[in-house]
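As numbered in mature numbering (1 follows the signal peptide of the UniProt record, and there is no 0), residues -22 to -1, 1 to 220 make up the sequence shown, in order. Here is the structure we will look at, set down as structure tokens.
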Amino acid sequence: MNKTSAWLATGVFCAASFSAHAWEINDDFSLYLDIKALSDYRAGGVSMTSNDSALWLDATLVHSKSGGHAGIFTSNIDFGTDANREFAYYLGITRPITENLLGSFTRIEFEYPRDNQFNFGEWIATLSAYGVTLGVKYSDDMKPDAKRTIAWLEYEHSLPHETTLGFRYGLTDQSRDIYVDDDGSRRSTYYDWEIGIGKRQWGLDWRLAYIDTDLSRSECASAFGASNVCSATLVGSISKLF
């Protein structure tokens, strides 16, 4: 299980850039607080809340000169186990590589206090230019005894009236054939995709996204314990960045 985000997991924290809004602690450090309400918490196209709503809280401390950032993220979750909350602690750096190319590298540790079998850590690297982001996540301590790699490509295009159009396409490789279909066929990878439109209005960021995967209901149930958490859905969200 993982967050992720489209901007990860992902989507929210460890972003390649930060808004101009912040609490300036001093000349070197700024604090960013993000609150987001979502109709569903999807990571890699899979619901982390059994298709129910979620509330995200994210706090990021940024060092302006180095591009270093550290923070904490939390959300409610529902895996069908005792776990009901996810915490993520992250430390990383975001730096310009060229005039138009931005790179980031981050380490994240995920914790699930009531069911720590899901605890894991992962590395995230991104490159961003001209609205396009290429990202890779890697974890070698997924449970049970598995490695996982996620690669994704996303594009965000600015439209008039503070509106944005975004696309995302991702590949998850679980390293083991954990996705089992009705006919007995197995695989270790799946694809997910997302298209969304966002709008800034009344000091809030509004977004509606269509999200889907290529997992069948049987494959979904074999890996995630439910057949309906990988299916196509519309996710609405409202967020406020302080």
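In this text, a Cβ means the ideal position worked out from N, Cα and C, and glycines have one as well.
Check: By how many angstroms is the C-alpha of Arg146 removed from the C-alpha of Trp1?; Outcome: 31 Å
Check: Do Val207 and Ala187 count as a contact pair if the criterion is CB distance below 8 Å?; Outcome: no
Check: Starting from Arg154 and walking both ways along the beta strand (DSSP E), at which residues does that stretch end?; Outcome: Run containing Arg154: none; DSSP gives neither H nor E here.
Check: Would the stretch 25 to 35 count as touching the stretch 148 to 155 if we require 3 or more Cβ pairs under 8 Å?; Outcome: no
Check: Work out the CA separation of Asn4 and Leu59 for me, nearest whole Å.; Outcome: With the sequence shown as reference, residue 59 is identified as Thr, and Leu is not the correct amino acid for it. If I take the Cα positions, the gap works out to 43 Å.
Check: Per DSSP, Ile55 is paired with what?; Outcome: Answer is none; Ile55 lacks a bridge partner.
Check: When the Cα of Thr211 is compared with those of Gly45, His41, Asp18, which residue comes out closest?; Outcome: Asp18
Check: Distance, Cα to Cα, Asp118 vs Trp101?; Outcome: 9 Å
Check: Leaving out five residues before and five after Tyr133 in sequence, what residues of the same chain have Cβ atoms less than 6 Å from its Cβ?; Outcome: Gly109, Val110, Phe145
Check: Where does Ala199 sit, in a helix, a strand or coil, going by DSSP?; Outcome: helix
Check: Can you list, in chain order, the residues of its chain whose CB lies under 6 Å from that of Arg195, leaving out five sequence neighbours each side?; Outcome: Ser205
Check: Look at the alpha carbon of Leu131 and the alpha carbon of Leu80, and state the distance between them as a whole number of angstroms.; Outcome: 15 Å
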